[in-house]
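The structure appears below as structure tokens.
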Amino acid sequence: MHMNLSLPDRANVVIVGGGIIGVSIAYYLAKKRVSDVLLLEQGVMGEGSTAKCVGGIRTQFSTEINIQFSQLSRRVFEGFEAEFGVDPEFHKIGYLFLAADHRQQKIIQDNACLMEGLDLEMELLDPEEIQRRWPFLRVDDVLTGSYTAYDGYLGPYEVLTGFISGARRLGAIFHEGIEVIGIDVERGKIQGVRTSTGERVKTQVVVNASGPYAAKVAELAGLDLPVCPLRRQVFFTDPFEDLPPAFPLVIDLKHGWYMRREGKGLILAGPQDSKSSFSEQVDFAGKEWAATRSVHRVPILKHARIARGWAGLYEISPDNHAIIGSFPEREGFICANGFSGHGFMHSPAAGILVAELITEGTARSLDIHPLRPQRFQQGDLIREPMTAFHD
Ligand SMILES: Cc1cc2nc3c(=O)[nH]c(=O)nc-3n(C[C@H](O)[C@H](O)[C@H](O)COP(=O)(O)OP(=O)(O)OC[C@H]3O[C@@H](n4cnc5c(N)ncnc54)[C@H](O)[C@@H]3O)c2cc1C
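Residue 2 is where the sequence shown starts when you use our numbering, and the numbers rise one by one after that.
This is the structure in structure tokens:
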């Protein structure tokens, strides 16, 4: 990936960060025939949150904008192999949310209305029906479930690879091992970036696609961006013989716990920190948290063994929605940040919309005004009742 080549003197667009968001933006810019798109990644492509992601994609959300992002992205995922020549390994196992109290029940009932208005099918299931379909689930503390059969998961590595090869075929340039350490601004306009290799690249457009590092990169341009890194742990069981052949990605709204099958084992969600940090350590308390909630919901799991775990960083915004757009005081600085744990599933939409914003001055495919960075100063935050939950 151009490890030893020197950087070009200038680029039309410099993208900071080679995670799923950066590579998607690179692809859609190149597809719109933007030449000299340069992406700089401080480490190895995809090594950040993207490498830690469990690949879930869902349409069940409490806000229209998130559902629209899911719909736009789904169209890309459905046709991914034809467009990119890479099988993204789309497993449509379904998503099942479980509500344990009246507040959570109201949330998923409201979601059902919202989704119906957007022509999306969602089934509301009572505990008896849940038990009939998935007898291994414990439901005595469940009031209602909401099920979308067409949701599921894809391979983050496959999708990342597809975007990278697609973008490179169309002329985008990627460099690994290069950190952006400075952003030059004159009279409020972006002039270029400075890198850890001592090189400078002139450009009038910088895209912040640095995931959990978003606030640091914005700071290089003198901007305040409220994105916090938050650790989430995940665990993985050994192959487990008693596993039913098929079951959905199950989510307990009460605990923010989830589980899905991966090969002959299971991925079990661990806890999400409440305090922001860049820690990516797995700890015993996290393993216990995952084990307790897993055995509670799926009692046969008492025979399973947790083999290993990992932790990654969510990139949380104050209202748990992405921050996409530019700053009036910093012409040429575009952010695509704060996806709050949904960046993988929304990466195609993010790429399409940011490419439109840069080339046409406005995002044509969707109204992204609610996601503008200024909403925080303006006190116009998006209300999301399902905030406690990220996947
Ligand atoms: C445990 C876990 C499970 C998840 N599961 C899901 C899921 O099921 N579904 C879903 O949709 N989302 C999920 N997510 C969230 C998802 O992984 C993220 O939203 C997504 O990967 C964000 O992508 P990104 O490109 O913005 O960030 P990243 O993948 O972190 O990429 C940012 C890149 O920027 C680079 N960078 C930072 N600063 C600089 C700099 N100054 N110069 C150069 N490069 C820089 C970093 O090295 C990094 O590679 C999960 C996250 C975690 C932690």
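Here a beta-carbon is modelled for each residue, glycine too, at the ideal position from N, C-alpha and C.
Contact between the segment 222-231 and the segment 312-326 is established, with three or more Cβ pairs separated by less than 8 Å. DSSP places S147 in the uninterrupted beta strand (DSSP E) bounded by 145-149.
As the crow flies, the alpha-carbon of E220 is around 17 Å from that of S277.
Taking the Cα of L40 as reference, the smallest distance to any Cα among A52, I22, I325, F345 is reached at I22. Counting along the chain, M260 sits inside the beta strand (DSSP E) bounded by residues 258-263. Note on L138: 16 or more other CB atoms within 10 angstroms of its CB, so buried under the neighbour-count rule. DSSP, read as helix, strand or coil, puts T196 in strand. For T238, the secondary structure class from DSSP, reduced to helix, strand or coil, is strand.
When the beta-carbon positions are compared, I174 and V207 stay at least 8 Å from each other. Non-local beta-carbon contacts of S25 in its own chain, meaning distances under 7 Å to residues more than five positions away in sequence, involve F164, S348, P349, A351, G352 in chain order. At a threshold of 7 Å, P213 counts as near ligand 1, since its beta carbon sits closer than that to one of the ligand's heavy atoms. In this structure, W258 lies away from V283, with their beta-carbon atoms at least 8 Å apart. Taking C-beta separations shorter than 6 Å and ignoring five residues to either side along the sequence, the partners of M123 in its chain run A113, M116, S147, T149, following chain order.
No residue range can be given for E177, since it is assigned to no beta strand (DSSP E) and is classified by DSSP as neither H nor E. Annotation for E332: G189, K190, I191 place their beta carbon closer than 7 Å to its own, counting only its chain and skipping 5 residues before and after. Rounded to the nearest angstrom, the gap between the Cα atoms of V202 and D120 is 46 Å. Between the segment 290-309 and the segment 230-245, the count of Cβ pairs shorter than 8 Å is three or higher; the stretches touch. For H92, the distance from the CB to the nearest heavy atom of ligand 1 is not below 7 Å. Membership of V296 in the alpha helix (DSSP H) is indicated by the continuous run 285-298.
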